[in-house]
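Numbering (our numbering), first residue to last: 3 to 170.
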């Protein structure tokens, strides 16, 4: 009898654990509508002579900063007001609060499609850490996220996407 109660208790715990991870159909529909609207914004043709084509990699000297738009998109800001939108392969928790991207790249002085990164904060870097310092934690802490391709965008497109993301 105790084994049956134990099995029932374990089953209830498992059911409640998975129920907490599930999303409602309304949330899924709203999220899909936002994704469709962003895809429509990004489908506007840009002059490749002015903006370039979608890239697999950005060289270190091409970009100077980044800004997370949400948990799936990063805007890379380049010299000469050039902008690239990187849509990640999957959602990346806490990306919106990132100050530092610790990127693991295999191509040297470039960041590329499929490179992984970890979200960090300035105080996460060894020379900014407060006591007790943990230099041994290394680059592999946190959840690994994966970059997508770098799509050139205009400031107007970015403003539309940001307004759309704020409205949801």
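Glycine included, C-beta positions come from ideal geometry on N, C-alpha and C.
Unbroken alpha helix (DSSP H) run spanning residue 52, endpoints: Numbered from its first residue, the chain shown carries residue 52 at position 50. Where residue 52 is concerned, the enclosing alpha helix (DSSP H) stretches over 50-53.
Helix, strand or coil at residue 70 according to DSSP, with G and I counted as helix: Mapped onto the chain shown, residue 70 falls at position 68. Here residue 70 sits in strand by DSSP.
When DSSP labels each residue in this structure, what does residue 122 get in the three-state scheme? Your numbering for residue 122 matches position 120 in the chain shown. Strand at residue 122.
The segment 142-157 touching the segment 91-108, judged by at least three CB pairs closer than 8 Å: yes
Have a look at the DSSP bridge pairing and note the partners of residue 148. The residue labelled residue 148 in the question sits at position 146 within the chain shown. In DSSP, residue 148 forms a bridge with 118.
Does the structure place the segment 66-75 close enough to the segment 45-54 that three or more beta carbon pairs sit under 8 Å? no
Is residue 112 a contact residue of the ligand GTP, with contact defined as CB to any heavy atom under 8 Å? The ligand GTP is absent from the structure shown, which contains no ligand whatsoever.
For a test of the three-state rule: what should DSSP assign to residue 164, helix, strand or coil? Counting from 1 along the chain shown, the entry for residue 164 is found at position 162. Three-state result, residue 164: helix.
Per DSSP, residue 40 is paired with what? As a working mapping, residue 40 is identified with position 38 in the chain shown. Answer by DSSP bridge pairing: none, since residue 40 is not bridged.
Is the shortest distance between the beta-carbon of residue 65 and the beta-carbons of chain C less than 9 Å? Within the model displayed, chain C is absent; a lone protein chain is all it includes.
Beta bridge counterpart(s) of residue 79 as assigned by DSSP: Along the chain shown, one-based indexing puts residue 79 at 77. According to DSSP, residue 79 bridges with 67 and 85.
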